[in-house]
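First comes the structure, then the notes that go with it.
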Amino acid sequence: MSAEPLLRVHGLCAGYGPVDVLHDVALEVRQGEIVSLIGANGAGKSSTLRCISRILAARSGSLRFAGRDLLAMPAHDVVAAGLAHVPEGRRIFPRLTVLENLEMGAYRRGDAAAIARDLHHVRELFPILRDRERQQGGTLSGGEQQMLAIGRAMMSEPRLLMMDEPSMGIAPILVTRIFDAVKRLRDQGMTILLVEQNARAALRLSDRAYVMETGRITLSGTGAELLQDRRVQEAYLGD
Amino acid sequence: MHAIAHLATLTPLAVAAALQAEPATAEAASGVLGQQIVTGLSNGMIIALIAIGYTMVYGIIELINFAHGDLCTLGAFFALMLVGALGMEAWSGVAGMAGVVLLLAGAAAFCALFNWSIDRVVYRPLRSAPKLTLLVSAIGCSFVLVNLALFWGGLPMEVFGGGVAAAAPKDFPAMVPDSSLLPDAWDSWVSAEAFLRSSPSWNDPSVWWLTWAPRVALAVLVKSRELNFTTSDLLVWCVTLPLMVALTGLVRCTRLGKAMRAVAQNPTAASLMGIDVDRVIGAAFLIGGALGGFASVIYALYNNTISFQMGYRTGMDAFTAAVLGGIGSMPGAVVGGLLIGVARAISDGYIEARWTNSVVFAILIATLVFRPSGLLGAKLRDKV
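Heads up: the sequence lines are chains Z and C, in that order.
Here the first sequence is numbered in my numbering, starting from 973 and rising by one per residue.
Here the second sequence is numbered in my numbering, starting from 107 and rising by one per residue.
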């Protein structure tokens, strides 16, 4: 039998005010996997990630990560447990410098040598960030901000990286570069949970995927299976 | 180069001669204006210190903490109570200076903890409530604090007037002598300069400005006879300037400072970084409160009278200063504070004291109408 998955979401329900947006969501991410969550706008993909990183309150269900109960910890302890979230819309700090933004990613770490090593790693992954290090985050282009958001998350030395719509609102040439970076992270052994509207690109990249519709998981399978699935093709791949 | 240096040493004498040659009336008038500016700047520094408390809290949770001015009232009452309890009126010399330090530290600690508690008890449960709810609660806190000060002023202590008239202004002992420093400064500088010149490095032509710049400054100040720069002015500057420098360093360079800026710019993202947002907000209230405590003591020592309304009025000035400088901006709060201080002094001197509050409110309204982001404020919050 395989070991316990790194992340296990079970029976997750959540909502905003009187509106329920997640109904009994269940999913798993295993060590070393890249798993994507695809679906239409408003299907609840981002809300699922927001629940996992505890910035949206769960109404019921269980969230276990690396053997720990996420629901028992406040939002600011989730990243220290090894779970980094690249939020939708990037959410970089616009009036901190690029370097300060990266430093904030390592806020909960104390080991200066390891932090310096990871900073070096991020600079290798996104050389443009090195050139812009003294600039304020808000002066970067959308694609560069996305790289900064990913780099900032990597600075927390995560065991699982959750990315929400990394290709949204970005020039096509930079989208390619971002997906290249995701591939490189995967090849380096990073475990990734990816939310993406560009279903084709996401499925090609993923070991497994879940399809979400109106707050429920409706399909799951390997990336290759779902690429061949008629319903997925009609609804999300535009065939 | 040497020629320039000699010329430079002569310049102050020329300035001094020119000042003496001026007609007496012009001299007196310029002296009055100079004095208004000195007093205005000193009061402005106190206003700036309070304005930083407003602007820090606004920058981080977008709340105009109307209770902040009244917190300073309580700081001053706490200090006066310390004076009474320890019999500090009688302290002089070194003991008096130690007393001032004790008052500053005591009021700062008191106001820091009080401000932190207000956040913990009142504002923190309302974190996700609409901003208006928070604002109304702040106004409520202000009323509570004013009445607390009124009650405090009625305590049967000699320094509070024996508990007879709670609302009456209380005398705050002049623990810092109000003697003018300028004539002494001139003499001291002349002898200091003679001493310095015995060292060869001071005669190096490249540092000639080091010797004549203070001479010109002192000559201008001393020769306008109406001008006083007193020990209490010196106290104000010696307390406020280092605090502002320290605060700037804290916000720019320390881990807490960066976390504060991160929370101000995007609390959700800050929380994703592992920052305990409530703790950082608490720290902002703690620091803002401490600055308010320092301000309350130097206000009391500078003006020698306190009342339960002092924080309300000074708080209004500070709030205007924060808006004028650009609310959320700390350098803006300092610039705004100095401008409001000088505007008040000039209005007192050249219009009439009873119009001064109207002048301040006119500045507030003009800022809100013509430049809502203030002089140094960020244009608009860039929420992605």
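Even glycine gets a Cβ: it sits at the ideal position worked out from N, Cα and C.
- Across the structure, residue 1204 of chain Z and residue 1065 of chain Z are spaced so that their CA atoms are roughly 37 Å apart.
- Here residue 247 of chain C is buried. Its C-beta has 16 or more other C-beta atoms within 10 Å.
- Distance from residue 1030 of chain Z to residue 1184 of chain Z at the Cβ level is roughly 16 Å; contact not present, criterion being Cβ atoms closer than 8 Å.
- Between residue 438 of chain C and residue 161 of chain C, the CB-CB gap stays under 8 Å.
- Note on the region 1100-1125 of chain Z: there is no whole beta strand (DSSP E) run with a minimum of 3 residues.
- At least one C-beta of chain C is nearer than 8 Å to the C-beta of residue 1052 of chain Z.
- DSSP places residue 1129 of chain Z in the coil class of the three-state scheme, outside both helix and strand.
- Residue 1047 of chain Z belongs to the set of residues whose beta carbon lies under 8 Å from a beta carbon in chain C.
- Distances from the CA of residue 440 of chain C to each of C/148, C/277, C/471 were compared; the closest alpha carbon is that of C/148.
- A direct Cα-Cα distance of roughly 27 Å separates residue 216 of chain C from residue 146 of chain C.
- The three-state reading of DSSP puts residue 294 of chain C in helix, counting H, G and I together.
- In this structure, the alpha-carbon of residue 220 of chain C lies about 29 Å from that of residue 375 of chain C.
- Counting along the chain, residue 1151 of chain Z sits inside the alpha helix (DSSP H) bounded by residues 1144-1159.
- In this model, residue 168 of chain C and residue 481 of chain C are separated by some 18 Å (Cα to Cα).
- Counting the other Cβ atoms within 10 Å of the Cβ of residue 1206 of chain Z gives fewer than 16, which makes it exposed.
- Among the residues of chain C, those whose CB is under 7 Å from the CB of residue 1025 of chain Z are 378, following chain order.
- Against residue 371 of chain C, the close residues of chain Z are 1065, 1066, 1067, 1068, in the order they occur along the chain (beta-carbon pairs closer than 8 Å).
- Taking a contact to require three or more Cβ pairs closer than 8 Å, the region 1019-1033 of chain Z and the region 976-995 of chain Z qualify as touching.
- At the C-beta level, residue 427 of chain C and residue 442 of chain C come within 8 Å of one another.
- Nearest C-alpha to residue 386 of chain C among Z/1079, Z/1109, Z/1017: Z/1079.
- Residue pairing of residue 1189 of chain Z in beta bridges, as defined by DSSP: Z/1184.
- The beta carbon of residue 261 of chain C lies closer than 8 Å to those of 187, 269 in the same chain, with the five residues before and after it left out.
- Pairwise C-beta distances place the region 336-356 of chain C out of contact with the region 292-308 of chain C, as fewer than three of them are shorter than 8 Å.
- Neighbours of residue 382 of chain C in chain Z, taken as residues whose beta carbon is under 7 Å from its own, are 1048 in chain order.
- With fewer than 16 other CB atoms across the displayed protein chains lying within 10 angstroms of its CB, residue 982 of chain Z is exposed.
- The C-beta separation of residue 1181 of chain Z from residue 1198 of chain Z comes to about 5 Å, placing the pair in contact by the 8 Å criterion.
- Residue range 1202-1208 is occupied by the alpha helix (DSSP H) that includes residue 1206 of chain Z, with no beta strand (DSSP E) assigned at that position.
- Note: residue 347 of chain C is not bridge-paired with any residue in the DSSP secondary-structure output.
- Membership of residue 1071 of chain Z in the alpha helix (DSSP H) is indicated by the continuous run 1070-1077.
- Per the DSSP secondary-structure output, residue 980 of chain Z pairs in a beta bridge with Z/1000, Z/1036.
- Under the 8 Å criterion on CB atoms, residue 237 of chain C is classed as non-interfacial with respect to chain Z.
- Nearest CB-CB separation between residue 273 of chain C and chain Z: not below the 8 Å threshold.
- Judged by beta-carbon spacing, residue 424 of chain C lies within the 8 Å limit of residue 156 of chain C, meaning their Cβ atoms are closer than that value.
- Residues of chain Z with a Cβ closer than 7 Å to the Cβ of residue 276 of chain C do not exist, since the nearest Cβ in that chain sits about 43 Å away.
- Only exposed fits residue 1092 of chain Z, as fewer than 16 other CB atoms lie within 10 angstroms of its CB.
- The beta-carbon distance between residue 241 of chain C and residue 170 of chain C, rounded to whole angstroms, is 6 Å. This is short enough to meet the 8 Å contact definition.
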